[in-house]
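In the working numbering, the protein residues as written are 1256 to 1468.
Ideal placement from N, C-alpha and C gives every residue a C-beta, glycine not left out.
As the structure is a computational prediction, the values presented were derived from the model and not from experiment.
The structure appears below as structure tokens.
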């Protein structure tokens, strides 16, 4: 019964956390629109492998990470810079090749390995999972002793799969309609999204650390 509860809690938290705009979701959408369902499945599988290990790590190192605020701050700064880099790379690919262009790093490697690599440098997920894990453990919503933690992490993996796929299916429909309404927006939509994400993350960062002084 405890394992079932762990799975359900992990699934819900991870699926809801995977639905908002994030660079993993946006790249998954681009892969689906240009390479198809099989590539999307392999990409998300790579993402999930890294997330599985990361969540186990944050469960074990939660207290250490919570004490070292500078580490969390550094990951947030790097995530902003990385989103701007993604925006520039997508814009450059569109300018040099055309509407269906994708950056070389998306087409030059197997989707599974790409998912592993991109989620390894998805630093913003560290404070996300650190915060949720601490909350869920302290609220006694999950049990993480022995094999129980693997049930929780398995639930998060399934939730990530479901969340990313739901995001991709919804936004693919939106992209199809956007393409008919405005070709320019359709062409540059991925660069626009990444710039918007960087700005939102920067505003959030400023407000967070301005209050802290």
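Inter-residue CB distance, residue i and residue j (contact presumed, cutoff 8 Å)
i: residue 1374; j: residue 1306; result: 6 Å
i: residue 1313; j: residue 1388; result: 5 Å
i: residue 1264; j: residue 1396; result: 6 Å
i: residue 1272; j: residue 1420; result: Incorrect: roughly 14 Å between the Cβ atoms, too far for contact.
Residues of its chain near residue i, where Cβ-Cβ distance is below 7 Å and the 5 sequence neighbours each way are ignored
i: residue 1398; result: 1257, 1261
i: residue 1351; result: Summary for residue 1351: the model assigns pLDDT 46, below 50, so the residue's position carries little reliability; its value from the coordinates is reported in the next sentence. If we look at residue 1351 and ignore the five residues flanking it on each side, it has no Cβ neighbours.
i: residue 1303; result: 1412, 1415, 1416
7 Å Cβ cutoff met for residue i and residue j
i: residue 1418; j: residue 1371; result: no
i: residue 1453; j: residue 1339; result: yes
i: residue 1311; j: residue 1408; result: yes
i: residue 1298; j: residue 1413; result: no
i: residue 1295; j: residue 1286; result: yes
Same chain, Cβ closer than 6 Å to residue i, five either side skipped, listed in chain order
i: residue 1284; result: 1423, 1426
i: residue 1448; result: 1281
i: residue 1364; result: none
i: residue 1460; result: 1331
i: residue 1269; result: 1411, 1414, 1415
Cβ-based burial, residue i [other Cβ within 10 Å; buried from 16]
i: residue 1315; result: exposed
i: residue 1376; result: exposed
i: residue 1458; result: exposed
i: residue 1366; result: buried
i: residue 1411; result: buried
i: residue 1331; result: buried
i: residue 1415; result: buried
i: residue 1292; result: exposed
i: residue 1309; result: buried
i: residue 1463; result: exposed
i: residue 1329; result: exposed
i: residue 1432; result: exposed
i: residue 1394; result: exposed
i: residue 1369; result: buried
Contacts around residue i, its chain only, beta-carbon distance under 8 Å, and the 5 residues preceding and following it disregarded
i: residue 1288; result: 1427, 1430
i: residue 1380; result: 1306, 1309, 1374
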